[in-house]
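K.L.:
In this note's numbering, the protein residues as written are 76 to 265. Every residue, glycine too, gets a C-beta built ideally from N, C-alpha and C. What you are looking at is a predicted structure, and each value in this text was computed from that prediction instead of being measured. Could you have a look at this structure, given as structure tokens, before my questions?
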């Protein structure tokens, strides 16, 4: 949250506890306002005059009658008013709340990113487990087919069908099944 220029000038009055002799010419106030980097490009006298008009600064007569070393009874002094102090406190509260909300937003974004990563990891693990189950089913199917075809080979009358034909058919069926299972991705659990 960027601080407006007039708020910067008001904050300087607050932080430095500025109070100086009032002059109707606000340009003369410049010599009382400290040189700070944050005031470099700000026309402090114009903003101070505006703050005086808005009631954030006030002209107060300081009683000097008890001091025998001065020749006047009172001195008009420009200083921050109660309204100005209240404005500074409200600004600080708003700034802290904005920072808190920003931190909350960042924390919520981090939580969402973490939750999304965990969800993606979970889904990936589910797919991997599913593929592992499918691969196991494929291996089991191949094993059962080999056992079944071996049983067929042993039970067929070899005088009717030559053994090399039975072995050829068995091998071609097993290799065809392996090819189809590999092509479908069942043997790749990743």
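Can you tell me which of the three DSSP states residue 154 falls into?
P.N.:
Residue 154: strand per DSSP, three-state reduction.
K.L.:
Excluding sequence positions up to five away, which residues of its chain have a Cβ less than 7 Å from the Cβ of residue 81?
P.N.:
For residue 81, where only same-chain residues beyond five positions count, the Cβ hits under 7 Å are 122, 125 and 126.
K.L.:
What are the partner residues of residue 136, as DSSP defines its beta bridges?
P.N.:
151, per the DSSP bridge assignment.
K.L.:
Can at least three beta-carbon pairs, one atom from the stretch 207-223 and one from the stretch 243-251, be found at a separation below 8 Å?
P.N.:
Output reads yes: the stretch 243-251 touches the stretch 207-223.
K.L.:
Measure the Cβ-Cβ separation of residue 154 and residue 167 and say whether it is below 9 Å.
P.N.:
The answer is no: Cβ separation not under 9 Å.
K.L.:
Given that a residue counts as buried once 16 or more other Cβ atoms are within 10 Å of its Cβ, and exposed if not, what is residue 84?
P.N.:
The residue in question, residue 84, is buried, as its Cβ has 16 or more Cβ neighbours within 10 Å.
K.L.:
Rounded to whole angstroms, what's the CA-CA distance from residue 215 to residue 204? Just pull it up for me.
P.N.:
Near 16 Å, if we compare the C-alpha coordinates of residue 204 and residue 215.
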